[in-house]
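Here the structure is laid out as structure tokens; the discussion comes afterwards.
Residue numbers (the numbering used here), protein chains in the order written: chain A, 17 to 232; chain B, 2 to 221.
Written out as structure tokens, the structure is:
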């Protein structure tokens, strides 16, 4: 019976990690419920005792699916990919799969954790500089890698977990006023991907918890 | 002819004896019984050999490890480990069951995204006199999350009773915790798992104390 329940995503409209999961659900055509966790209000709703039982890292997203609770967006995405039909989110070829994971991890380990809310809150007045430093450093690495791996999308011509990670990270880059023009491959890929339905419906501007003044 | 010669070449790991991410890859190679060559990249000498133009072509993130294998170059330890798992025989590094696989990846990512990047060399160098406090904060925060999760998932090892990528990530992270004087006694499940895993051959041979680039004064 549990497997017939819709998955539940606990997330925040503007959390890039939550957005990654929303994109994956959309690409697979999976309906799901959202429980918004406001990261600022009430001292941050991710810090409640209740939410801590879902995700003891006190971060979003957390996903209830098939009777278990998972955190860490790439673990969730690969679980969805391995258990649901629909377009594969990783290529069949092992070398291409490795490239998808490498690009995803550069973003999910090498960039985003260094500019997420918890870290930024510790940086005080230096927060924009700090975030720009780590985003630029990551994009300076991604640009030559993507030049090698990209076709229409990040790795070849099929949408993958790498694309799922890239778009929300570019959104973050823009929020911190990083000049993405310096990274033409990243820019081109992002523009292509933003037009795709799964990326549009999952956009921060149109989620249940998007504030009125930020709605598309 | 050329292609088959490339596949017969041993993988090459560019790493550092004490880099926890490099150690993860060494453990994976050892668990699979794969022979490989090591090219040491000293992270401090010469301003940090990871910053040379030559190394940047292997890994533009200017971090270790980077692995040359089967004619390609990969970085990001978990991408390397899963590539090895998917292309080499030997004990699987992830479980067959999708829910357990997800738990292995979740635990691995808490370490590889949620802890280690916040206390790696590049970040620590920016923290000046606050570096130990900073590292302890992020390691403690991560271990406070891992402890209850591992209580649920662990059997003999991190997830059930088979060694997985989660165990591969855990041991080097506990080593880092000890370097930063984090009190691991507060985390009994982590402590117990680490002690069990440290006795396993693949974890011992890949230990920082016995690598080609281990300094004399740190050799076991």
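Glycine included, each C-beta is placed from N, C-alpha and C at the ideal position.
Any chain B beta carbon closer than 9 Å to residue i
i	result
residue 32(A)	no
residue 111(A)	yes
residue 80(A)	no
residue 104(A)	no
residue 90(A)	yes
residue 67(A)	no
residue 36(A)	no
residue 28(A)	no
residue 21(A)	no
residue 72(A)	yes
residue 99(A)	yes
residue 151(A)	no
residue 135(A)	yes
residue 122(A)	yes
Residue i versus the options, residue with shortest Cα-Cα distance
i	options	result
residue 106(B)	71(B), 205(B), 154(B)	154(B)
residue 119(A)	224(A), 29(A), 35(A), 202(A)	202(A)
residue 177(B)	140(B), 159(B), 156(B)	140(B)
residue 88(A)	48(A), 143(A), 31(A)	31(A)
residue 89(B)	33(B), 209(B), 183(B), 112(B)	33(B)
residue 82(A)	150(B), 103(B), 18(B)	103(B)
residue 79(A)	28(A), 128(A), 122(A), 112(A)	28(A)
residue 185(A)	49(A), 229(A), 33(A), 24(A)	33(A)
residue 137(A)	22(A), 60(A), 162(A), 111(A)	60(A)
residue 192(B)	31(B), 209(B), 174(B)	174(B)
residue 170(A)	112(A), 76(A), 90(A)	112(A)
residue 156(A)	123(A), 168(A), 181(A)	123(A)
residue 152(A)	92(A), 199(A), 41(A)	199(A)
residue 209(B)	19(B), 43(B), 98(B), 40(B)	19(B)
residue 183(B)	24(B), 100(B), 135(B), 74(B)	135(B)
residue 62(B)	76(A), 68(A), 160(A), 54(A)	160(A)
residue 145(A)	65(A), 117(A), 192(A), 134(A)	192(A)
residue 215(B)	26(B), 40(B), 118(B)	40(B)
residue 26(B)	220(B), 172(B), 221(B), 190(B)	172(B)
residue 149(A)	127(A), 168(A), 133(A), 140(A)	127(A)
residue 170(B)	124(B), 117(B), 163(B)	117(B)
residue 208(A)	224(A), 173(A), 141(A), 106(A)	173(A)
residue 72(B)	78(B), 79(B), 50(B), 59(B)	59(B)
residue 182(A)	232(A), 40(A), 225(A), 26(A)	40(A)
residue 175(A)	189(A), 196(A), 188(A), 205(A)	205(A)
residue 65(B)	144(B), 44(B), 82(B), 213(B)	44(B)
Any chain A beta carbon closer than 9 Å to residue i
i	result
residue 79(B)	yes
residue 218(B)	no
residue 115(B)	yes
residue 76(B)	yes
residue 195(B)	no
residue 35(B)	no
residue 71(B)	yes
residue 61(B)	yes
residue 7(B)	Note that residue 7(B) has pLDDT 49, beneath the 50 cutoff, so the model's placement of it is unreliable and no number is given.
residue 124(B)	yes
residue 171(B)	no
residue 119(B)	yes
residue 83(B)	yes
residue 87(B)	yes
Buried versus exposed call for residue i [16 or more other C-beta atoms within 10 Å across all chains shown]
i	result
residue 194(A)	buried
residue 211(B)	exposed
residue 199(B)	exposed
residue 18(A)	Low local confidence applies: a pLDDT of 45 at residue 18(A) is under 50, so the model's placement there is unreliable, and no value is given.
residue 130(B)	exposed
residue 125(A)	buried
residue 112(B)	buried
residue 162(A)	buried
residue 7(B)	Caution is warranted here: a pLDDT of 49 is assigned to residue 7(B), below 50, making its placement in the model unreliable, and the coordinate value is therefore given only provisionally. Burial call: exposed.
residue 156(B)	exposed
residue 164(A)	exposed
residue 11(B)	exposed
residue 129(A)	buried
residue 93(A)	buried
residue 168(B)	buried
residue 207(B)	buried
residue 217(A)	exposed
residue 221(A)	exposed
residue 3(B)	Low local confidence applies: a pLDDT of 48 at residue 3(B) is under 50, so the model's placement there is unreliable, and no value is given.
The ligand NAP heavy atom lying under 8 Å from the CB of residue i
i	result
residue 82(B)	As far as ligands go, the structure on display features none, and thus does not contain the ligand NAP.
Below 9 Å between beta carbons is the criterion; list the residues of the stretch 94 to 112 of chain B that meet it against any residue of chain A, in chain order.
99, 100, 102, 103, 104, 105, 106, 107, 108, 109, 110, 111
Got a sec: which bits of the stretch 177 to 189 of chain A sit with their beta carbon under 9 Å from any beta carbon on chain B, in order along the chain?
none
Which ranges does the beta strand (DSSP E) cover as unbroken runs of at least 3 residues, wholly within the stretch 44 to 130 of chain A, from first to last along the chain?
49 to 52, 78 to 81, 84 to 87
Of all the alpha helix (DSSP H) runs that stay within the bounds of the stretch 113 to 175 of chain B, which reach a length of 4 or more residues?
122 to 126, 132 to 154
Alpha helix (DSSP H) segments (min. 4 residues) lying fully within the stretch 174 to 201 of chain A:
177 to 191
Taking a cut of 9 Å between CB atoms, which residues from the stretch 136 to 151 of chain B lie near chain A?
138, 139, 142, 143, 145, 146, 147, 148, 149, 150
4-residue-minimum alpha helix (DSSP H) runs that sit fully inside the stretch 60 to 106 of chain B, ordered along the chain
78 to 88
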